[in-house]
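A short worksheet on the structure shown next.
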Amino acid sequence: MSISSLLIANRGEIAVRIIRAAKAMGIRTVQVHSSADRDMLAVKLADQAVEIGPPSAAKSYLNIDAVMKAALETGVDAVHPGYGFLSENAAFAKAVTDAGLIFIGPDHAAISLLGDKVEARKVAMKAGVPTVPGSNGRVDDLDLARSLVAEIGFPVMIKAAAGGGGRGIRIAENMEEFERHFPQASTEALAAFGDGGLYIEKVITRARHVEVQILGDGTNAIHCFERECSLQRRRQKVWEEGPSVTLPADARKSLVESAVALAKSVNYRGAGTVEYLYDEQSGAFYFIEVNTRIQVEHPVTEMITGIDLVQEMIRVAGGASLSITQDDVKVRGHAIECRINAEDPTRGFLPGPGLITSLTIPEGDGIRFDTMLYEGYTVPPFYDSLLGKLIVWADSREACLLKLADALDGLTIGGIATTIPLHQALVRDASVKAADVHTRFLEPWLESVFPTVVASRKESA
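Structure follows, in structure tokens:
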């Protein structure tokens with residue numbers, strides 16, 4: 009059935025993005041919100057808004073019963089989960105379909121299979137996708153874990169089996185750190201995901217993070233090429249771009265083909281990403297995980313391919329076949345996305361919610377700012393600090409960097425501290441310009457280079 013109305017079970021900039029995509033398709037929108045989000049831009053843009061609980065995410069955006077009650081009472085056909093919150097919760101996807109509604113994303117079986125990082129690793133291995141050396145199942149016993157890490161060698165990464173977004177992850181350089189971090193990671197995973205299960209992987213020390221965008225309709229699956237997300241802080245992405253300029257053609261071919269094979273093996277429906285570590289020195293790549301949802305950085309792919317991923321998700325959820333074939337997907341130019349957060353990078357990324365007193369958004373060809381902000385809006389302190397994403401496109405990476413520098417200088421958000429100064433420094437950094445980065449590049453750079461840049465800017469101001 010085609011979708012005529014949908015509920016957005018999310019908030020912030022992704023809720024705005026979904027509403028705009030739905031409206032362009034003539035679809036009625038219902039926005040759920042907590043009591044802290046009554047003035048949210050998505051609430052103003054939606055055709056209808058329903059308050060579902062207090063500020064606590066556990067009692068609102070993570071409350072399956074409250075979201076389902078709103079969906080049924082408003083008579084929508086479908087539910088779009090966005091990213092984060094309930095987007096990769098198989099029980100929520102099942103609750104939606106059990107109620108006779110359409111879940112805009114993979115079915116609950118695929119989410120359950122791929123959302124469990126241990127099971128996803130098994131699926132990848134079965135599909136012939138190389139995996140990082142590590143445990144082939146959950147490791148709940150510290151003695152067993154000690155034996156495993158002694159075998160694969162340090163450094164190792166302890167990861168939440170049910171996790172994502174950088175939570176429930178610890179890196180151990182030696183056995184002493186490992187024994188300290190193992191219970192901490194389990195406790196954090198249990199608090200964040202309701203599942204304290206862990207698995208262990210070898211750390212690839214100079215790896216690039218490369219992910220392949222996939223689209224499926226439950227029968228067919230295609231890729232929309234790759235994005236590189238190597239600039240990360242605390243294992244959370246800060247800056248994303250596409251295509252990866254350092255990826256050799258043969259490696260790209262292997263990556264995208266393995267991603268499609270994995271998607272087809274589970275009859276994947278909707279948008280998702282298959283994430284890899286690419287070892288530039290050896291040319292090897294390793295599967296990390298599958299994100300069974302739209303991603304924060306999806307605009308990068310939209311800018312270089314011209315495909316509206318959110319609209320395509322909605323179409324296939326309604327029962328349509330993919331509107332594009334693999335041969336239709338072409339890469340044009342280069343795009344970079346900067347995540348703009350309500351954090352002060354000069355003060356240890358201290359969160360800074362508050363009133364937006366002024367807002368200037370750069371405009372021009374190839375410039376896009378996906379945001380939830382408007383002048384007079386008060387950013388609440390209860391949720392993720394992401395304010396928006398500045399995405400810039402140009403014919404080449406070099407031209408894109410120049411345009412991005414100008415766009416960042418033209419983006420002003422008054423009233424609160426943001427990460428704009430961080431991106432202004434990154435876009436002018438020699439290593440970033442040369443694409444000479446990896447997943448462990450940014451944190452040492454923040455300690456050694458960024459303070460000098462900040463001091464220099466203060467002197468010249």
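Numbering (the numbering used here), first residue to last: 9 to 469. Even glycine gets a Cβ: it sits at the ideal position worked out from N, Cα and C.
Out of the options, point me to the one whose CA is closest to residue i's CA.
i: ALA118; options: ALA98, PHE449 and THR105; result: ALA98
i: LEU109; options: GLY176, LEU15 and PRO452; result: LEU15
i: GLN244; options: PHE201, ILE177 and GLY250; result: ILE177
i: GLY278; options: ASN299, PHE293 and CYS237; result: ASN299
i: GLU234; options: PRO256, ASP124, LEU419 and LYS52; result: PRO256
i: LYS3; options: GLU345, ILE296 and ALA407; result: No statement about residue 3 is possible, as the shown extent of the chain runs from 9 to 469 and does not include it.
i: PHE377; options: LEU394, PRO63, GLU81 and MET33; result: LEU394
i: GLY362; options: TYR391, VAL337, ALA269 and SER10; result: TYR391
i: ILE424; options: LEU152, VAL435, ALA350 and PRO388; result: ALA350
i: VAL246; options: GLN334, LEU156, PHE357 and SER194; result: PHE357
i: VAL440; options: LEU409, MET380 and ALA32; result: LEU409
i: ILE369; options: ILE179, VAL337 and ALA415; result: ALA415
i: PRO62; options: ARG46, GLU127, GLN56 and PHE162; result: ARG46
i: ASP115; options: GLU265, LYS210 and GLY224; result: GLY224
i: SER10; options: ALA86, GLY136, GLN56 and PRO191; result: ALA86
i: LYS77; options: VAL268, TYR382, LEU270 and ALA107; result: ALA107
i: PRO388; options: ASN18, SER13 and MET48; result: MET48
i: GLY280; options: GLU288, GLY291, ALA292 and ALA267; result: ALA267
i: LEU198; options: ARG214, LYS167 and ILE179; result: LYS167
i: ALA44; options: ALA54, MET33, LEU53 and VAL58; result: VAL58
i: GLY326; options: GLY422, SER290 and GLY226; result: GLY226
i: LEU270; options: ALA158, PRO138 and ALA328; result: PRO138
i: HIS88; options: ARG28, GLY145, GLY136 and LEU122; result: ARG28
i: SER290; options: ARG25, ILE212 and ASP373; result: ILE212
i: PHE162; options: LEU239, GLU467 and ILE179; result: ILE179
Opposite residue i in the DSSP bridges: which residues?
i: GLN244; result: ARG241
i: GLY374; result: Answer by DSSP bridge pairing: none, since GLY374 is not bridged.
i: ILE322; result: Paired residue(s): none; ILE322 is not in a bridge.
i: SER42; result: GLY61
i: PHE111; result: VAL87
i: PHE293; result: TYR286
i: CYS346; result: TRP247 and LEU398
i: ILE179; result: MET165
i: GLN56; result: VAL38
i: VAL298; result: VAL282
i: GLN221; result: THR281
i: THR213; result: Its beta-bridge partners do not exist; DSSP assigns none.
i: GLU351; result: PRO359
i: ILE16; result: GLN39 and HIS88
i: THR368; result: THR420
i: LEU206; result: ALA168
i: THR309; result: For THR309, which the question treats as bridged, DSSP gives no partner whatsoever.
i: GLU96; result: BP columns for GLU96 are empty, so no partner.
Alpha carbon to alpha carbon, how far is residue j from residue i? Give it in angstroms, no decimals.
i: PHE429; j: PRO353; result: Note that residue 429 is Pro in the sequence shown, not Phe. Going from the Cα of PRO429 to the Cα of PRO353 covers about 8 Å.
i: THR460; j: GLU248; result: 24 Å
i: PRO359; j: ASN228; result: 43 Å
i: PRO141; j: TYR294; result: 9 Å
i: LEU450; j: THR365; result: 31 Å
i: ASP149; j: ALA103; result: 33 Å
i: ILE112; j: ALA30; result: 12 Å
i: TYR91; j: ALA23; result: 9 Å
i: ILE35; j: THR254; result: 41 Å
i: ARG260; j: THR82; result: 45 Å
i: LYS210; j: ILE375; result: 39 Å
i: ASP124; j: ARG405; result: 36 Å
i: ARG465; j: VAL51; result: 39 Å
i: ALA101; j: SER456; result: 45 Å
i: ARG19; j: SER64; result: 13 Å
i: GLN303; j: ALA407; result: 25 Å
i: ARG448; j: ALA79; result: 42 Å
i: ARG175; j: ALA328; result: 35 Å
i: GLU196; j: SER468; result: 43 Å
Please report the Cβ distance between residue i and residue j, rounded to the nearest whole angstrom; I am assuming they are in contact, meaning their Cβ atoms lie under 8 Å.
i: VAL84; j: ILE60; result: Actually they are not in contact, since the Cβ atoms of VAL84 and ILE60 sit about 14 Å apart, beyond 8 Å.
i: GLU96; j: ARG301; result: 6 Å
i: ILE296; j: TYR284; result: 6 Å
i: VAL435; j: ALA413; result: 5 Å
i: ILE348; j: THR426; result: 6 Å
i: ILE315; j: CYS237; result: Not a contact, Cβ separation roughly 19 Å.
i: PHE190; j: ALA215; result: Contact doesn't hold; Cβ gap of about 22 Å is too wide.
i: SER143; j: LEU156; result: 6 Å
With contact counted as at least three CB pairs below 8 Å, one residue from each stretch, are the region 273-280 and the region 119-135 in contact?
yes
Does the region 218-235 touch the region 175-186, meaning 3 or more C-beta pairs lie closer than 8 Å?
With the cut-off at 8 Å, the region 175-186 and the region 218-235 do not touch.
If we count Cβ pairs, one from each stretch, closer than 8 Å, do we get three or more for the region 305-313 versus the region 249-268?
yes
Given 8 Å as the limit, is there contact between the region 30-48 and the region 61-72, that is, 3 or more CB pairs closer than that?
Short answer: they touch.
For the 8 Å Cβ check, are there 3 or more pairs between the region 319-326 and the region 191-210?
no
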